[in-house]
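What follows is a short report on a single structure.
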Amino acid sequence: MSLGTVFNLTLLHQTIVQATPLLLTALGGVFSERSGTANIALEGIIMMGAFFGYAGTYYTGNPWFGIVCAMAAGVVVSLIHAVVTATYKVDHIVSGIALNILCQGLTGYLLVVLFQSQGSAREFVAQLPTISIPFLKAIPVVGSVLDAVFSQGPLVYLAFILVLVSRFILDKTVFGLRFTSVGEAPQVADSLGVQVAPIQYAGVLISGLLAGAAGAQLTIGTMPRFVYLMSGGRGYIALAAVILGKWQPTGVMWSSLLFGFFFSLADNLQGTGFAIPNEIFLMLPFILTIVVVSGVIGHSEGPAHSGKPYVKEL
Amino acid sequence: MSSKQAPYAVEMLQVVKRFSQVLAVDHANLQVKQGEVHAVIGENGAGKSTLMRLLYGFYTADSGTIRINGQTVKMTDPGVAIAHGIGMVHQEFMLVPRLNALDNIILGQEPRKGLRVDRQKAREEITRLASELGFQVDLHTEVRDLPVGVQQKVELLKVLYRGASILILDEPTAVLTPQEVDELFEMLENLQKQGKTIILITHKLDEVMAIADRITVMRRGKTVKTVSKDSTTSGELASLMVGRNVILDITPPPVEPGEKVLTVRNLSLQEPGSARVLVDRVSFEVREGEILGIAGVSGNGQSELAEMLTGLTRPTSGEILIRGQEVTFGSVRRKRESGIAHIPEDRRNTGLVMALSVEDNLTIGHQDNPELSGKVLLKRQAIEERSDRLINMFDIRPPRRDVAAWHLSGGNQQKVIIARELAHDPEVLVANQPTRGLDVAAMEYVYHHLLEARSQGKAIVLISMELDEVLTLSDRILVMYNGRIVGEFSRTNADIEQIGLLMLQGREAG
């Protein structure tokens with residue numbers, strides 16, 4: 001089988017599809033980290049988003065309502081994380097691990113209770129519509145090709161629009177400046193009358209909202225079913241994308257696209273007998289992140305105070 | 315005060331602040347005239363910083379009155395102080411290292427244009443403020459990449475940007491090179507010309523005489539005296555600051571010093587990545603049965619000297635010899651093996667592992683002693699016996715080896731350290747601030763053990779900010795200032811005013 005059959009338009013289309021949940025989650029991760037909270041609960045939040053996106057659609061028949069349910073679930077889980085870390089100053093990683101275990105258990109339990117199944121909810125539900133960009137098709141020669149690549153669901157468009165919105169918020173607004181200062185040096189922000197805890201809450205809740213949406217993208221956006229543990233480590237991979245993207249919305253977009261490319265490549269190579277085993281491509285995001293964190297290629301330095309509870313000194 | 319006179323910019327009357335057992339500020343009075351540079355001077359721990367923190371609303375006074383421009387104000391938090399035109403430049407800068415200067419200055423009071431931060435307007439405003447003071451700051455560089463002197467300017471601009479008319483500077487020259495100090499003073503003069511009132515906390519008499527209009531001296535939480543510069547001398551200020559308060563009346567028994575044990579030659583330390591010299595060509599010798607006291611205000615290189623002697627910091631140049639054998643660049647382990655014991659200044663972070671038991675704390679550092687450990691496993695029984703013996707010998711209370719160090723009082727924590735360090739008969743003991751934060755009984759205990767070690771012929775280097783302590787215990791006294799040894803005294807010729815002047819300005823004459 002020739003490589004030509006692998007490197008085609010479908011690969012490009014899939015790259016974007018694979019990148020979207022990573023990008024949504026990673027953007028959330030940027031907000032959380034930039035305001036000083038490490039949020040590894042993102043993995044669990046994606047699970048919850050996937051489940052409640054599915055369940056909400058199942059009960060109402062309306063996938064738009066599914067998105068709302070997914071985001072709400074994400075906000076609830078992240079609210080717990082915010083209370084525990086920002087108010088009660090618990091170690092961020094400990095809280096995140098506990099929440100991941102909770103989400104894993106809860107989705108498994110609800111799957112049995114609501115859908116009488118242990119592995120997956122078998123019934124298909126309504127999916128989010130595919131939206132074409134109208135003027136693309138009108139472009140001569142490449143028009144139909146581009147149209148095939150860029151006909152995507154609403155959450156895909158949302159993710160990429162949010163890159164620009166996040167950039168604006170973080171770089172240009174008062175909120176963004178205060179946000180960054182809290183993540184870098186909360187004691188300084190505090191000394192200048194910037195309220196630290198509300199900003200940390202905001203960062204964590206935004207990450208919950210977006211990771212919830214990422215979960216919805218996995219079920220009602222891509223495959224209208226729910227499979228237990230279908231988040232498949234995307235929460236952690238998104239955090240890797242945050243690091244590789246240097247905590248910047250645009251950087252995070254490129255790293256998510258790169259990881260998405262690796263994953264769709266792995267998918268497409270499966271069973272083709274290609275010389276490189278497809279698992280290699282699944283490993284690449286992590287290897288790349290380790291290389292970057294270790295400073296071998298392109299130094300990446302996170303917010304100075306991220307992951308540490310801020311306790312006011314007396 | 316007659317009603318025709320302008321009110322004082324700052325008036326603090328009978329202000330008291332107590333921290334649990336310690337009276338940090340004791341009925342202090344401070345009156346600062348509008349438009350003057352007023353220095354508040356005193357030794358470490360005299361209460362200067364606490365007094366200023368009360369003025370800035372970091373702490374709330376237990377009693378007393380604070381008036382700003384004649385108006386009584388209840389200072390409950392820094393917001394109140396800022397609203398009354400008070401700004402403070404902290405000793406440790408309050409800057410976000412990875413934001414640029416501009417963002418640091420406007421943080422918390424950002425000019426807005428709709429949702430956006432109006433950085434253009436902020437830039438114009440700050441550039442104007444800076445040029446009025448006669449300097450320029452690169453507003454787009456991340457603060458962490460700016461030299462310390464420039465960071466201080468950013469701090470100052472931050473305060474001025476908030477419209478402060480009364481500026482408090484807490485030991486502003488401590489982190490600066492001499493050239494930066496000159497620049498700072500020029501800036502302060504400009505500020506004074508603009509009508510700002512400046513309160514300068516310091517313990518450097520040179521600076522006081524160079525720039526202050528009036529001076530308030532603090533000692534042990536009290537404001538001792540306020541004088542105008544023209545009617546005083548640095549000699550008077552020095553004796554006001556360091557006046558003796560004998561707490562323990564101890565006379566060390568005569569001991570004839572023996573052979574030379576510790577020799578230090580031209581030991582220097584340069585701050586990595588900077589031009590600042592922290593320890594500058596320090597040389598001395600200590601003999602058997604001798605206590606060499608090192609007096610000085612904190613931050614003049616004493617801690618760095620102790621760290622170099624004990625192996626925690628690598629000297630830039632110079633030599634350290636134990637009985638003629640060179641150990642200059644030796645590791646902590648190598649230095650311990652050669653006979654250097656250490657009572658570190660920070661009991662809780664360097665001296666002990668607070669979460670570990672007394673027994674473990676008595677053992678660490680001796681874990682390679684064949685009596686206490688085999689090739690792989692510790693000899694628990696030997697360790698227990700040794701711990702019990704030490705607990706008994708050094709009177710550690712409660713007399714139990716299994717309690718964690720943090721359950722002990724400060725005095726008993728110090729006993730554990732002393733027991734550990736003296737247990738294996740060292741040649742040299744480096745005691746850095748051995749009585750910091752201890753009550754009188756514990757202090758007496760420490761003195762007793764230091765003098766006993768002296769009788770046993772150990773060579774002791776005693777570093778202390780408490781001049782009394784140095785004067786009471788030492789056979790010889792060195793004074794450290796700006797990383798250099800600026801004076802040497804024997805017990806008999808130690809003159810408190812001379813030592814005070816050396817500590818505070820680095821030379822004797824006024």
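Protein chains in written order, with my numbering: chain D, 1 to 314; chain U, 315 to 824.
The beta carbon of each residue, even a glycine, is placed where N, CA and C say it ideally should be.
Within the same chain, and ignoring the five residues on either side of L519 (chain U) in sequence, the residues whose Cβ sits closer than 8 Å to its Cβ are I355, S548, L551, A552, L815, L818, Q819. The distance from the Cβ of A745 (chain U) to that of L776 (chain U) is about 5 Å, consistent with a contact at the 8 Å cut-off.
The beta carbons of F274 (chain D) and A121 (chain D) sit no closer together than 8 Å. Residue nearest to P658 (chain U) within the set U:Q727, U:E633, U:R637, U:R714 is U:Q727 (criterion: CA-CA distance).
What L192 (chain D) touches in chain U, judged by beta-carbon distance under 7 Å, is L421, G422, going in chain order. Put simply, of U:A375, U:V329, U:Q465, U:K539 the residue whose alpha carbon is nearest the alpha carbon of E406 (chain U) is U:Q465. V156 (chain D) is positioned such that its CB atom lies no closer than 8 Å to that of T10 (chain D). Think of a sphere of 7 Å around the beta carbon of T180 (chain D): the chain U residues whose beta carbon falls inside it are L413, in chain order. In the three-state reduction of the DSSP assignment, E279 (chain D) falls in the helix class, which pools H, G and I. V541 (chain U) does not reach chain D, its nearest Cβ partner there being about 33 Å away, counting only Cβ pairs nearer than 9 Å.
Per DSSP, N614 (chain U) is not a residue of any beta strand (DSSP E), being assigned neither H nor E. In this structure, the CA atom of Y373 (chain U) is about 14 Å from the CA atom of T379 (chain U).
With respect to chain D, the C-beta atom of M408 (chain U) has a partner C-beta closer than 8 Å.
The straight-line gap separating the alpha-carbon atoms of T107 (chain D) and I400 (chain U) is approximately 56 Å.
When secondary structure is reduced to three states using DSSP, A745 (chain U) falls in the strand class.
A Cβ-Cβ separation of about 6 Å places E604 (chain U) in contact with A773 (chain U) under the 8 Å criterion. In the assembly as shown, T219 (chain D) is a buried residue. Its beta-carbon has 16 or more other beta-carbons within 10 Å. DSSP, reduced to helix, strand and coil, places Q385 (chain U) within a strand of the structure shown.
By the 16-neighbour rule on beta-carbons within 10 angstroms, S769 (chain U) is exposed.
Per DSSP, the continuous alpha helix (DSSP H) segment holding T60 (chain D) begins and ends at 42 to 60. Residues of the region 437 to 452 of chain U with a Cβ closer than 7 Å to any Cβ of chain D: none. By the 16-neighbour rule on beta-carbons within 10 angstroms, Q616 (chain U) is buried. Bridge partners of A719 (chain U) according to DSSP: none are assigned. Within its own chain, the residues whose Cβ lies closer than 7 Å to the Cβ of L205 (chain D), once the five positions on either side in sequence are excluded, are V75, S78, L79, A82, listed in chain order. Taking Y59 (chain D) as reference, the option from D:V30, D:F115, D:M48, D:M47 with the minimal CA-CA separation is D:F115. Separation of S231 (chain D) and T222 (chain D) (C-alpha to C-alpha, rounded to the nearest whole angstrom) is 13 Å. Residues of chain D whose Cβ lies closer than 9 Å to the Cβ of G393 (chain U) are, in chain order, G193.
Annotation: Cβ neighbours of L177 (chain D) in chain U (cutoff 7 Å, chain order): D417, L421, E424, V431.
When secondary structure is reduced to three states using DSSP, N358 (chain U) falls in the coil class, being assigned neither helix nor strand. With a cutoff of 8 Å on beta-carbon distance, G183 (chain D) and G29 (chain D) are scored as not near each other. Per the coordinates, the alpha-carbon of A808 (chain U) lies some 10 Å from the alpha-carbon of L792 (chain U). Listed in chain order, the beta strand (DSSP E) elements of length 3 or more contained wholly in the region 422 to 504 of chain U are 480 to 484. Against chain U, the beta carbon of E184 (chain D) has neighbours under 9 Å at V410, P411, R412, L413, listed in chain order.
In this chain, the alpha helix (DSSP H) harbouring R167 (chain D) covers 154 to 172.
Listed along chain U are P411, R412, each with a C-beta nearer than 7 Å to that of A304 (chain D). Comparing C-alpha distances from I480 (chain U) to each of U:V754, U:M402, U:Q639 shows the shortest one belongs to U:M402.
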